[in-house]
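A.B. asks: This structure is in structure tokens; I'll ask about it shortly.
Numbering (this note's numbering), first residue to last: 9 to 297.
Spelled out as structure tokens, the structure:
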């Protein structure tokens, strides 16, 4: 106990790292430095995201004369989680979305290893898989986004090959680095001294530099699904969140909302929405194809 007090008081080691665990969406996740500790505001929107996806699946069931009940819904729901970290969002979706198959991607090998530990710990190995990839390795343009999306699709197929080739991705979620350099300087020592700065600091003066890249990658991942599900001559009016071709991205607040919404629209999405967290802060920007 004295050692814990010393580490907490003198070294400012976060309590979650001392305990080694962090509850998240009803799951008990392992946490290790320097992989980011899951936050309650992320937990809130991850659970809301799962509920929205399930509502969309149930709506599809209700509209189909061939399917009589939600428990007979047999389509897999393919989800990609970019910048997965500890795997918290991916595992929450795998836990609560019926027939979900989730691939979490992170550039940090230690984060990927920890996410795999958490999947095994939560008994979700079959539904949540994780892979290491650098999302910024290619060119910062449409061709680069297409190549990265193709690589992710290959990783998805390899991860779930027992389930057959993955022809499309239904949803993309992301919680990228978005803290600005100015904000980072003001963070507590508990954060700056222990959590990976590469997972916190976003490029650009406002910290929002990753969003245009991720939006283009997400658009390429979702585009094939959009083409498959839109009938010839169908209206291109804004679909609802439940309509299975959606991007969800966590942001740092209202000051980033406009820039991120514009990045999503510039990437080719039809419209955007925002969600606020329990503190009233704009927390998620959603892109709809």
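Yeah, the Cβ is synthetic: ideal placement off N, Cα and C, and Gly gets one too.
Is there contact here, the segment 30–45 with the segment 94–104, by at least three beta-carbon pairs under 8 Å?
C.D. replies: Yes, they touch.
A.B. asks: Tell me the rounded alpha-carbon separation between residue 273 and residue 11.
C.D. replies: One-based indexing of the chain shown puts residue 273 at position 265. One-based indexing of the chain shown puts residue 11 at position 3. Cα to Cα, the separation comes out at about 51 Å.
A.B. asks: In the DSSP assignment, the alpha helix (DSSP H) including residue 192 goes from what residue to what residue?
C.D. replies: Within the chain shown, residue 192 is the residue found at index 184, counting from 1. From DSSP, the alpha helix (DSSP H) with residue 192 extends over 189–193.
A.B. asks: Contact between the segment 49–62 and the segment 114–128 is defined here as three or more beta-carbon pairs at a separation below 8 Å; is this criterion met?
C.D. replies: No, the segment 49–62 does not touch the segment 114–128.
A.B. asks: Over what stretch of residues does the alpha helix (DSSP H) that includes residue 129 continue unbroken?
C.D. replies: The residue you call residue 129 lines up with position 121 of the chain shown. Unbroken alpha helix (DSSP H) run through residue 129: 117–129.
A.B. asks: Quickly, what does DSSP pair residue 179 with across the bridge? List them, please.
C.D. replies: Your numbering for residue 179 matches position 171 in the chain shown. Answer by DSSP bridge pairing, in chain order: 87 and 254.
A.B. asks: Which of helix, strand or coil does DSSP assign to residue 270?
C.D. replies: Within the chain shown, residue 270 is the residue found at index 262, counting from 1. In the structure shown, residue 270 sits in a helix (DSSP, three-state: H, G or I).
A.B. asks: What does the alpha-carbon distance come out to for the pair residue 176 and residue 169?
C.D. replies: Stepping through the chain shown from its first residue, residue 176 is reached at position 168. Stepping through the chain shown from its first residue, residue 169 is reached at position 161. Their Cα atoms are separated by approximately 14 Å.
A.B. asks: Quick check: what's the CA-CA separation for residue 278 versus residue 119?
C.D. replies: Residue 278 sits at position 270 when you count from the first residue of the chain shown. Residue 119 sits at position 111 when you count from the first residue of the chain shown. Using only the alpha carbons, I get a separation of about 33 Å.
A.B. asks: Measuring straight from C-alpha to C-alpha, what distance separates residue 199 and residue 21?
C.D. replies: Residue 199 sits at position 191 when you count from the first residue of the chain shown. Residue 21 sits at position 13 when you count from the first residue of the chain shown. Each residue's alpha carbon lies about 9 Å from the other.
A.B. asks: With a threshold of 8 Å, are at least 3 pairs of Cβ atoms found where one atom belongs to the segment 134–154 and the other to the segment 97–108?
C.D. replies: As far as the Cβ criterion goes, the segment 134–154 touches the segment 97–108, which means the pair count is three or higher.
A.B. asks: Rounding to the nearest angstrom, what Cα-Cα distance links residue 158 and residue 39 in this structure?
C.D. replies: Taking the chain shown and counting its residues from 1, the one referred to as residue 158 is at position 150. Taking the chain shown and counting its residues from 1, the one referred to as residue 39 is at position 31. Each residue's alpha carbon lies about 31 Å from the other.
A.B. asks: In chain order, what residues of the same chain lie with their CB nearer than 7 Å to the CB of residue 216, ignoring the 5 residues before and after it?
C.D. replies: Along the chain shown, read from residue 1 onward, the residue named residue 216 stands at position 208. Answer for residue 216: 186, 210, 264, 267 and 268, listed in chain order.
A.B. asks: Taking residue 110 as the reference, give the member of 116, 90 and 117 with the closest Cα.
C.D. replies: Residue numbering aside, residue 110 sits at position 102 when the chain shown is read from its first letter. Per the Cα distances, 90.
A.B. asks: Could you check where the alpha helix (DSSP H) with residue 162 kicks off and where it finishes?
C.D. replies: Along the chain shown, one-based indexing puts residue 162 at 154. 150–167 is the extent of the alpha helix (DSSP H) around residue 162.
A.B. asks: Measure the CB-CB distance between residue 53 and residue 285 and report whether it falls below 8 Å.
C.D. replies: One-based indexing of the chain shown puts residue 53 at position 45. One-based indexing of the chain shown puts residue 285 at position 277. Closer than 8 Å, so yes.
A.B. asks: Give me the residue from 34, 35, 49 and 41 with the minimum Cα distance to residue 287.
C.D. replies: Position 279 of the chain shown, counting from 1, holds the residue named residue 287. It is 49 whose Cα lies nearest to the Cα of residue 287.
A.B. asks: If you run the structure through DSSP and keep just helix, strand and coil, what is residue 71?
C.D. replies: Residue mapping note: residue 71 aligns to position 63 of the chain shown, counting from 1. At residue 71, the pLDDT of 44 sits below 50, so the modelled position is not reliable; the number obtained from the coordinates is stated separately. Residue 71 falls in the helix class under three-state DSSP.
A.B. asks: Measure the alpha-carbon distance for residue 131 versus residue 261 and round it to whole angstroms.
C.D. replies: One-based indexing of the chain shown puts residue 131 at position 123. One-based indexing of the chain shown puts residue 261 at position 253. Roughly 34 Å between the two C-alpha positions.
A.B. asks: So, helix, strand or coil for residue 230, using DSSP?
C.D. replies: Locating residue 230 in the chain shown gives position 222, where the first residue counts as 1. In the structure shown, residue 230 sits in a helix (DSSP, three-state: H, G or I).
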